[in-house]
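**Q**
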Amino acid sequence: MEIRSGDENTFRRVYDDTFPVLMKVAYHITYNTDVAEDICQDAFIRFYDKNMTFPSEDEARFWLIRVTKNLAINNIKKKAREAASLEKMKRAPQAGNPFSDGASELLLHESRQAVRKAVAELPEIFRTVIVLREYGGLDYKQIAKVLNISESNVKVRVHRARKELEVVLSREDVDVS
Amino acid sequence: MCLDDQILNTYVDGELEEPWKSQVEEHLSYCTSCRNRCNSLRELSRRIQDAQLSSEEIDTRKERVLALIEKNHLNKKKSSFMSRKIKFSMPQIFGVAAAFVIVFAGSWTLMGRSSSNVIPVPEIGYSIDVSNITPVRASDNAGASKSLETYTLDEILKNLDARGYDVDIRLKSIQPVNFDEVSEEKVVLAYADGTSITSDGVARDAQGNILATGLSVEGNTVLTSDGSVVFSELEVLAN
Ligand SMILES: [Zn+2]
């Protein structure tokens, strides 16, 4: 059924269904809960204000996920550039642990932090696929749609992302023990 | 012959179709090493998923963001720019060669505000003309003795907001071009006509003029930050 994103009831329904996925995607790309929240807000405001027509609610969700993913990727690229120029100025900022989510600091197992760190180190093309798969809960077909790539490309990337994570994490495990 | 890791990943994700799925299952029924591999892939996936953001964290933010959108967008009765988040960092404002803040007020009635959901932000270039610029006079406010210069930007904005104007604030800055930085960006996509896209998401034509910014590249497709496709390889080559 065709939907309009500027319709308040539609907006509320889509918001309710999609916010958790967007927050997870934004968080596991940026690893900053506040930034992730801002990104979700930005995505939903664009969604509502643009009052677009979608052939189905699923298509609206894909649009939101794609926008969120793009905003998150843009954010980390910008951060990387800023970090690089700060480096040049010989400053040393960096406070806190970017891989802990604050609220549950004490409960956060070391393994979790290791995983987050490993995900953050993945090259972008593998990182987005694994985030959409493991945290967004999307299937291959949906990932292909969001990223505008073929399903077989998704298969290859999932496989390579996991392989890379496996290597990094097993190295980490050896370091710890 | 044993099963390839990619096939096992696809199988573990429940994405393997018949007849391959049955073939894999048959192999797994007698091959311990592939079965073990399957289990460790499942374990890996579980471990990755275990690191996900807590649902409490998500729920708090879900409520907060919705409240903000409700206030500023869903229940928008009047111009709401004052409650919108406007964030500037100090270096952004002062670290540049020059910075101006342009306050631009569009007329309420002329911009057809009434029934539309969209804030009609006047754009320089088509909607500006003498009739929809309203000079802000001190006498419009209480303190008739004050001249405009004695009001802070914040007071001017509040005053305009209270009177129902849509106000667009633009921070315009002139930034010195840093050639070192430009040359450091890696070209991620290059087209036959000389257009290139660098890893910072900037598209330039063959002469180095900036065509667009904030792009991201997926394969051969270029997306803007809202996810729409800008151009694909074929389109550009056809030009
Ligand atoms: Zn085997």
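Those protein sequence lines, which keep their order, are chains A and B.
With the numbering used here applied, the first sequence covers 943 to 1119.
With the numbering used here applied, the second sequence covers 7 to 245.
Idealized CB from N, CA, C, for every residue including glycine.
What you are looking at is a predicted structure, and each value in this text was computed from that prediction instead of being measured.
#1: State the CB to CB distance for the pair HIS79 (chain B) and ILE987 (chain A), rounded to an integer number of angstroms; the pair is presumed to be in contact (CB under 8 Å).
#2: What residues from chain A crowd round VAL208 (chain B), counting only those whose CB sits closer than 8 Å?
#3: CYS6 (chain B): buried (16+ other C-beta within 10 angstroms of its C-beta) or exposed?
#4: Just how far apart, CA to CA, sit VAL208 (chain B) and GLU21 (chain B)?
#5: Among A:LEU1064, A:ASN1095, A:GLY1078, which residue has its Cα nearest to the Cα of ALA1086 (chain A)?
#6: With 16 as the cutoff for other CB atoms within 10 Å, does LYS77 (chain B) come out buried or exposed?
#7: Would GLN55 (chain B) count as contacting chain A if we go by Cβ distances under 8 Å?
#8: Ignore the nearest five residues each way along the sequence and tell me which others in PRO962 (chain A)'s own chain have a CB closer than 8 Å to its CB.
#9: Within 8 Å of any Cβ in chain A, is that where the Cβ of SER202 (chain B) sits?
#10: Pairs of beta-carbons, one from the region 1053 to 1060 of chain A and one from the region 51 to 59 of chain B, closer than 8 Å: are there three or more?
#11: Express the C-alpha separation of ILE1067 (chain A) and ALA1103 (chain A) in angstroms, rounding to a whole number.
#12: Comparing alpha-carbon positions, which option in A:THR972, A:ILE971, A:ALA978, A:LEU1006 lies nearest SER947 (chain A)?
#13: Are there three or more Cβ pairs, one per stretch, closer than 8 Å when the region 985 to 1001 of chain A is compared with the region 1070 to 1077 of chain A?
#14: Looking at VAL956 (chain A): is its Cβ nearer than 8 Å to the Cβ of LEU1074 (chain A)?
#15: Any chance the CB of SER39 (chain B) is under 7 Å from a heavy atom of ligand 1?
#16: Buried or exposed: ALA1025 (chain A), going by 16 or more other Cβ atoms within 10 Å of its Cβ?
#17: Looking at LYS1097 (chain A): is its Cβ nearer than 8 Å to the Cβ of GLN29 (chain B)?
#18: Can the beta-carbon of LEU59 (chain B) be found less than 8 Å from the beta-carbon of TYR969 (chain A)?
#19: Give me whichever residues DSSP pairs with LEU195 (chain B) in a beta bridge.
#20: What's the C-alpha gap between ILE64 (chain B) and ARG70 (chain B)?
#21: Taking C-alpha atoms, which residue in B:SER61, B:GLU49, B:ILE203 lies nearest to SER1112 (chain A)?
#22: Let me know the secondary structure DSSP gives LEU1107 (chain A) once reduced to three states.
#23: With hydrogens ignored, establish whether the beta-carbon of LEU1080 (chain A) is closer than 7 Å to any heavy atom of ligand 1.
#24: Since LYS37 (chain B) and LEU14 (chain B) are thought to touch, with beta carbons under 8 Å apart, how far apart are those beta carbons, to the nearest angstrom?
#25: What three-state label does DSSP hand SER222 (chain B) in the structure shown?
#26: With respect to the alpha helix (DSSP H) encompassing ASN15 (chain B), which residues constitute its N-terminal and C-terminal limits?
#27: Starting from PHE996 (chain A), follow its DSSP beta bridges and name the residues at the other end.
#28: Can you check DSSP and say which residues form a bridge with ALA209 (chain B)?
#29: Check each residue of the region 977 to 1001 of chain A: if its Cβ is closer than 7 Å to any Cβ of chain B, include it; give the result in chain order.
#30: Kindly examine ligand 1 and report whether one of its heavy atoms sits closer than 7 Å to the Cβ of LEU9 (chain B).
#31: Leaving out five residues before and five after ILE1018 (chain A) in sequence, what residues of the same chain have Cβ atoms less than 7 Å from its Cβ?
#32: Can you give me the C-alpha to C-alpha distance between GLU32 (chain B) and ASP976 (chain A), rounded to a whole angstrom?
#33: Determine which residues of the region 39 to 51 of chain B have a Cβ less than 9 Å from any Cβ of chain A, and write them out in chain order.
#34: Looking at C-alpha atoms only, which residue of A:ALA1062, A:ASP958, A:LEU1080, A:VAL1100 is the closest neighbour of GLN983 (chain A)?
#35: Name, in chain order, the residues that DSSP records as bridge partners for VAL977 (chain A).
**A** Here's the rundown:
#1: 6 Å
#2: What VAL208 (chain B) touches in chain A: nothing, since even the nearest Cβ is about 11 Å away.
#3: Lying before the first or after the last residue shown, residue 6 (chain B) is absent from chain B, which here runs from 7 to 245.
#4: 36 Å
#5: A:ASN1095
#6: exposed
#7: yes
#8: none
#9: no
#10: yes
#11: 9 Å
#12: A:LEU1006
#13: no
#14: no
#15: yes
#16: exposed
#17: no
#18: yes
#19: B:ILE203
#20: 10 Å
#21: B:GLU49
#22: helix
#23: no
#24: The displayed chain sequence assigns Cys, not Lys, to residue 37 (chain B). Their Cβ separation, rounded to whole angstroms, is 11 Å, which puts CYS37 (chain B) and LEU14 (chain B) out of contact at 8 Å.
#25: strand
#26: 11 to 18
#27: A:ILE945
#28: B:ILE203, B:ALA218
#29: GLU979, CYS982, GLN983, PHE986, ILE987, ARG988, TYR990, ASP991, ASN993
#30: yes
#31: ILE971, THR972
#32: 48 Å
#33: SER46, LEU47, LEU50, SER51
#34: A:ASP958
#35: Its beta-bridge partners do not exist; DSSP assigns none.
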